[in-house]
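Following: one structure in structure tokens, then a few remarks.
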Amino acid sequence: MARMPVQFRLNGSDRAVFVEPAETLLGTIRRGLGDFAPKFGCGQGTCGVCTVLVDGEPRLGCLTLSVTCEGRSIETASGLADGPTLHPLQAAFMEHFAAQCGFCTPGMLMAAKALLDRNPNPTRVEVVEAIAGNVCRCTGYEPIINAILAAAQQRGVRRA
Amino acid sequence: MLEFRKDLFADERDDNLNVIGKGEQRQDMLGHVTGRTRFFDDHGFDGLLHLKVVRSPHHHARIRSIDVTAAERAPGVKRVIRGQDVPLNKNTLLSLIDFGKDDEPTLAVDKVRYKGEPIVAIIADSEAEALAAVKLVRVSYDPLPTVFDVQEALKPGAVVVNETYPGNYFEYHDKYDHQKLRFGDVEAAFRTADHVIEERYQMSPIEHASTETNGTIAAPETNNRYVVHSCAQGLFFSLGTTAKILALESNRLHFIGGTVGGGFGGKVDSLTEPLAVLGAILTGRPVRYVLGREEEMQFASPRGAERHVIKDGVMRDGRIVARQITSYFDAGAYTRLTSYGVVKCVAHMPGPYTIPNVRGDAYCVFTNRVPATAMRGFGVTGVDFSIEVQMDKLAHLVGIDPMEFRILNAYRDGDMKAHRRVAHNTALIECVQVVAQKVNWPLSETARRASSLSGGGGPRAAIPPTVTDESGRIGRPETRQAPPQLTPGAAPLPAHQPRPVVPVYQPPPAHQPAAALPNYPAQPADAAPLPAPAPPVPNAPAPPQHGAARFSSVFTRRR
């Protein structure tokens, strides 16, 4: 089948790429554009390790067709840091030991960023809900929840 | 936060730890949070090919024929690999340490022994084309009877799962159908015990479900070598296995890995490395073989099922006088690591308790289930769970508090274990005391005063006369009935005393730990000791040894 051209922004840079009609956004980002931060875990939308932001909303890269992303803005964990300066979530994840094997971390960070961007001061329950679609098999989630809450608090302090 | 109980383990080590117990950033954390950590699949290659396998739909079947002609002609297909293309198509993981016989093909040829066993590998330009071609392979089967229950598999006349082991049990030392532990005479002790109870415990297989599935990317490198990006938990173990199966010198394999997206024991089997490298050799191109999630959940090895039958004799005062454990480990169709798990299981019998009569038998059994492998303390967790549930039942039976029941029966320093090694560094009593304190569990004064450092040894260090039996030798099908029967008239092993413990290191006087033991109440000679299986040594407890000496059973050659 004919490949189709798609243009979108990836972490602030304009990208143009040819994709198969059935190609997933995850496949395009990883094998097409070489950003390996989002991971493949199940291909069924059950584990969340492929979570990326599409126009600020968390999306499962493995269930999103690339052709639907024309003109959109895509964010992955690779674009979280501002040069050498870590995003507050990244710093909090480091501080709170919120990663062990690190495989779920890029998706977890993007789910958390989407939450804090729309709700800067979430409750613990809201944090749990926000990462409910992201499976972590190492940490037991507690350090991740604590890190996200700490990052929210940190940002609040900075704003005040 | 870590809490160091130097009051409990003051004589363990006298150095001041300057890293342990303090926060330290992990060296890989920055990579994790910036998305820069490279897992095996995070490597780009030009002309990357994709490998998928044809899997058996049957639990047990003879392969009559395999027709790959349609698959070979399918769009995008670059190569079809069959069993005869694998240089050494029979391997067992632990052969690298000379343990067990080669019993598992990389690609099945004559027979499939579990549902999901790989038969043919297809390499194509894309995953979709490889998967499409998988559906075009025609395999004709003669289904065979199956066996899924460990005890059924051990019965005479049972279906033979794995012809390398025709008795359906792993053969230890080429001689024995199980691992066994004998100490004293359990039958005699059961006859005199106040209560005898027997309970059965069973554990299901558990899938590790790491978020990253098993996989490998292999690519031709310069100098006739191959670079292998691997998810393996044991990278060099996987290198050795791949070199063996492909009959390659190991220096032709350049393994890169160590960054594992969750393993938990599920990435020690080298399930994908040999085929990916073989694909790279046969096509001259980079080949990626990654299990899909369904494959990972259904066909990658899980923690195996276990069954433990525990029979205990206990006295009204709470002393356990006999314990018999018969354990069955379901290896699935091939050995992988279960044979080793069984050895660990026997090492944990009869639990951390001083019991004067112990009999243990543990079998590594082959069935038509997915082969099992390592997972987080495999071989140990199941039997320890069973023993501790049994301990609660026994405590209830004799009407003793379950915490105190454990303190009463716990190993103490100087006691003889059923494995005929003297117990050192025992701390179960202290652990129970600390747990009780933390959860405000009331303990009697006697239980609170108990100590692992006193009351052990003496008569509790003796090795009792031990009844022997001939069961367990291969070639005697009747011994597959569990528990094995004693051979009448077999001569008992004589009782004897252990050799004295020889401290390997004398502490410098400056580090005498006596002053550092404020929470250890001195045990006056007339303090009423806890009732114990044998009276404590009448003389004062030996002065605490230096840590190196307490660890002497680990650091010195085995007695």
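Heads up: the sequence lines are chains A and B, in that order.
Under this note's numbering, the first residue of the first sequence carries the number 803, and numbering increases by one thereafter.
Under this note's numbering, the first residue of the second sequence carries the number 78, and numbering increases by one thereafter.
Don't be surprised by glycine CBs; every beta carbon is placed ideally from N, CA and C.
In this text, all values refer to a predicted model and were calculated from it rather than measured experimentally.
- Looking at the DSSP output, N168/B bridges to E181/B.
- When 9 Å is used as the limit between beta carbons, Q955/A is near no residue of chain B, the shortest such separation being about 18 Å.
- In the structure shown, F122/B falls within a coil segment according to DSSP collapsed to helix, strand and coil.
- Burial check for V927/A: the Cβ neighbour count within 10 Å stays below 16, so the residue is exposed.
- At a cut-off of 8 Å between C-beta atoms, S880/A counts as an interface residue with respect to chain B.
- The contact set of Q102/B on chain A, defined by CB atoms closer than 8 Å, consists of M896 in chain order.
- In this structure, the straight-line span from the alpha carbon of E507/B to that of L865/A is close to 53 Å.
- About 16 Å separates the beta carbon of V367/B from that of G193/B, a gap too long to meet the 8 Å contact definition.
- By the rule that beta-carbons nearer than 8 Å mark a contact, A399/B does not touch chain A.
- Counting C-beta atoms within 10 angstroms of its own C-beta, F341/B has 16 or more neighbours from the protein chains shown and is therefore classed as buried.
- Annotation: S463/B has no Cβ neighbours in chain A at a cutoff of 8 Å; minimum Cβ distance is about 25 Å.
- Beyond the five residues adjoining it in sequence on each side, N445/B comes within less than 7 Å, by CB distance, of H136, H137, R190, Y191, T223, V224, F225, V238 and A410 in the same chain, given in chain order.
- Taking a C-beta distance under 8 Å as the contact criterion, E204/B and K252/B do not qualify as a contact pair.
- Sorting Q104/B, G459/B, H120/B and V457/B by C-alpha distance to the C-alpha of L835/A places H120/B at the top.
- Within the model, the alpha-carbon separation for L918/A versus E825/A is close to 30 Å.
- Per DSSP, reduced to three states, the secondary structure at S281/B is coil, with no helix or strand assignment.
- With contacts defined by Cβ atoms closer than 8 Å, I196/B and A185/B form a contacting pair.
- Assignment of beta-bridge partners to P860/A by DSSP yields L855/A.
- Using a Cβ distance threshold of 8 Å, R362/B and L126/B count as a contacting pair.
- Identification of residues in the stretch 422 to 448 of chain B having a C-beta nearer than 7 Å to some C-beta of chain A yields an empty set.
- Residues of chain A with a Cβ closer than 7 Å to the Cβ of F260/B do not exist; the shortest Cβ-Cβ separation is about 39 Å.
- Judged by DSSP in its simplified three-state form, R141/B adopts strand.
- A direct Cα-Cα distance of roughly 22 Å separates R380/B from T293/B.
- Residues of chain B whose Cβ lies closer than 8 Å to the Cβ of L865/A do not exist, since the nearest Cβ in that chain is about 13 Å away.
- Look at A320/B here: in three-state DSSP terms it is helix.
- As the crow flies, the alpha-carbon of I876/A is around 19 Å from that of A932/A.
- Residues of chain A whose Cβ lies closer than 9 Å to the Cβ of D346/B do not exist, since the nearest Cβ in that chain is about 18 Å away.
- Counting only Cβ-Cβ distances below 7 Å, A410/B has no contacts in chain A at all, with the closest Cβ about 26 Å away.
- For E298/B, same chain residues with a beta-carbon under 7 Å away, outside a window of 5 residues either side, are V304 and H331 in chain order.
- At a cut-off of 8 Å between beta-carbon atoms, G904/A makes contact with chain B.
- If only uninterrupted beta strand (DSSP E) runs of at least 3 residues are considered, those enclosed by the stretch 403 to 462 of chain B are 435 to 443.
- For L107/B, the closest Cβ of chain A is nearer than 8 Å.
- Rounded to whole angstroms, Y440/B and R268/B show a C-alpha spacing of 26 Å.
- Secondary structure at K232/B: coil, using DSSP grouped into helix, strand and coil.
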